[in-house]
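*Asks:* Going by my numbering, the first residue of the sequence shown is number 10, and it counts up by one from there.
Below is one structure. I have some questions about it.
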Amino acid sequence: MTEHSVSVGDTVRATAHTRDETYRTYQDMVARLGESNRWTGMAHSAYLDALGAYNRAVENSEFQLTSAKNEVTRAYHALQQAQDNLDKLLEGVDEADIKAAQLDVDAAELSLEKARTDLEKATLLAPFDGVVAAVNVTADEMAPTGLSAVTLLDTSGFRITVGVDEMDVGRLTKGQTVEVTLDALPDTVITGSVDKIAPAATFEGGVVYYDVTIGLAATDAPIRADMTANATIVVEELADVLTIPTWVVRVDRTTGQTYVNRRVGDTVERVDVDLGIRYEGIAQVLSGLSEGDVAIWVQESSFGFGGQ
Numbered sequence: 010m011t012e013h014s015v016s017v018g019d020t021v022r023a024t025a026h027t028r029d030e031t032y033r034t035y036q037d038m039v040a041r042l043g044e045s046n047r048w049t050g051m052a053h054s055a056y057l058d059a060l061g062a063y064n065r066a067v068e069n070s071e072f073q074l075t076s077a078k079n080e081v082t083r084a085y086h087a088l089q090q091a092q093d094n095l096d097k098l099l100e101g102v103d104e105a106d107i108k109a110a111q112l113d114v115d116a117a118e119l120s121l122e123k124a125r126t127d128l129e130k131a132t133l134l135a136p137f138d139g140v141v142a143a144v145n146v147t148a149d150e151m152a153p154t155g156l157s158a159v160t161l162l163d164t165s166g167f168r169i170t171v172g173v174d175e176m177d178v179g180r181l182t183k184g185q186t187v188e189v190t191l192d193a194l195p196d197t198v199i200t201g202s203v204d205k206i207a208p209a210a211t212f213e214g215g216v217v218y219y220d221v222t223i224g225l226a227a228t229d230a231p232i233r234a235d236m237t238a239n240a241t242i243v244v245e246e247l248a249d250v251l252t253i254p255t256w257v258v259r260v261d262r263t264t265g266q267t268y269v270n271r272r273v274g275d276t277v278e279r280v281d282v283d284l285g286i287r288y289e290g291i292a293q294v295l296s297g298l299s300e301g302d303v304a305i306w307v308q309e310s311s312f313g314f315g316g317q
């Protein structure tokens with residue numbers, strides 16, 4: 010529709026009603042005018058004109074109606090197509106297509122991950138902050154086997170690793186105090202602590218030992234990497250205890266009792282003793298001796314005491 014001749018409030022009627030009114034008007038004119046051919050002809054002409062106008066209006070309306078119906082049909086088909094597309098979208102694609110697409114995505118993700126891994130492997134990254142001590146690789150040359158590409162020193166603190174015999178490792182715990190001396194600095198004692206005890210043993214020359222890592226405390230001593238060190242791990246500290254050298258201690262072969270030979274004036278007597286901790290040639294005396302007693306070593310034989 011391009012234009013109209015009605016306004017809000019106007020009353021409109023159907024075209025068929027207008028045709029009926031025109032026909033009735035024509036009948037009235039014929040009845041009032043009698044058989045006057047002239048007036049009858051005029052009325053008849055007027056009626057025919059009105060009827061023609063009506064028919065043209067009907068034809069025009071029918072054409073417009075047909076066009077409108079065609080437009081509705083086209084719109085309906087478009088709606089159906091849109092609905093079909095929507096239904097397909099909501100229903101999703103075929104399951105096989107989804108699986109195939111997912112496989113493609115998975116393959117792409119694996120390729121991406123592999124590329125990232127290859128990039129990481131091709132890039133040397135420092136595992137900690139430190140100082141480069143040696144570079145063992147050269148650009149465009151084969152890397153040497155058995156050597157790290159770069160030797161990096163951890164300057165946050167020095168550590169040493171010592172081997173502890175299997176008989177003693179059970180007495181160690183993390184955090185125990187350690188006294189360290191260096192061959193290059195024999196008069197300097199550096200304190201440290203046990204940081205880590207290896208869970209697995211190391212076998213060397215028939216000896217079983219465990220690697221123990223010791224962290225050194227901060228010091229002003231001129232320490233350098235790879236210096237030879239000696240560590241004394243303090244497993245227990247005792248104060249105000251009586252000790253004797255282990256070389257004066259004897260063991261009764263029959264009973265297994267430990268004893269010492271004590272000098273009493275000009276004589277020597279056997280004294281049974283109970284010992285506690287032993288360390289580096291020193292033994293703790295739990296009972297049998299008193300402070301001031303003199304224990305001596307005597308060469309014994311099956312016949313009794315020998316000389317001193």
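From the three backbone atoms N, C-alpha and C, an ideal C-beta is built for every residue, glycine too.
This structure is a prediction, so every number in the text was calculated from the model and none was measured.
1) Measure the C-alpha to C-alpha separation of Glu-289 and Thr-255 and round it to an integer number of angstroms.
2) Who are Pro-254's beta bridge partners in DSSP?
3) Who pairs with Thr-222 in a beta bridge, going by DSSP?
4) Please list the terminal residues of the continuous beta strand (DSSP E) segment that includes Val-307.
5) Drop a sphere of 10 angstroms on the beta-carbon of Ala-304, count the other beta-carbons inside from all chains shown, and report buried for 16 or more, exposed for fewer.
6) Quick check on Ala-143: does DSSP put it in helix, strand or coil?
7) Cutting at 8 Å between CB atoms, please list the residues of its own chain near Leu-225, excluding the five before and the five after it.
8) So what's Ala-105 in DSSP terms, helix, strand or just coil?
9) Phe-137 lies in the beta strand (DSSP E); which residues open and close that run?
10) Shorter than 8 Å from the beta carbon of Leu-119 to some beta carbon of chain B?
11) List the endpoints of the continuous beta strand (DSSP E) containing Val-273.
12) Check Ala-238 in the structure and name its three-state DSSP category.
13) Give me, in chain order, the residues of the same chain whose beta-carbon lies closer than 7 Å to that of Val-173; leave out the 5 immediate sequence neighbours on both sides.
14) Quick check: what's the CA-CA separation for Asp-204 versus Ala-117?
*Replies:* Well, looking at it:
1) Their backbone Cα atoms lie some 9 Å apart in a straight line.
2) Pro-254 pairs with Ile-291.
3) DSSP lists Thr-170 and Lys-205 as partners of Thr-222.
4) No residue range can be given for Val-307, since it is assigned to no beta strand (DSSP E) and is classified by DSSP as neither H nor E.
5) Ala-304 is buried by the Cβ-count criterion.
6) Correct three-state label for Ala-143: strand.
7) Contacts found: Gly-166, Phe-167, Arg-168, Ile-169, Val-189, Ile-199, Thr-200, Gly-201 and Ile-232.
8) Helix, per DSSP.
9) Annotation for Phe-137: no beta strand (DSSP E) segment contains it, and DSSP assigns it neither H nor E.
10) The structure shown contains no chain B; it holds only a single protein chain.
11) From DSSP, the beta strand (DSSP E) with Val-273 extends over 267 to 273.
12) In the three-state reduction of the DSSP assignment, Ala-238 falls in the strand class.
13) So the list reads Leu-181, Tyr-218, Tyr-219 and Val-221, once near-sequence residues are dropped.
14) Between Asp-204 and Ala-117, the C-alpha separation is close to 45 Å.
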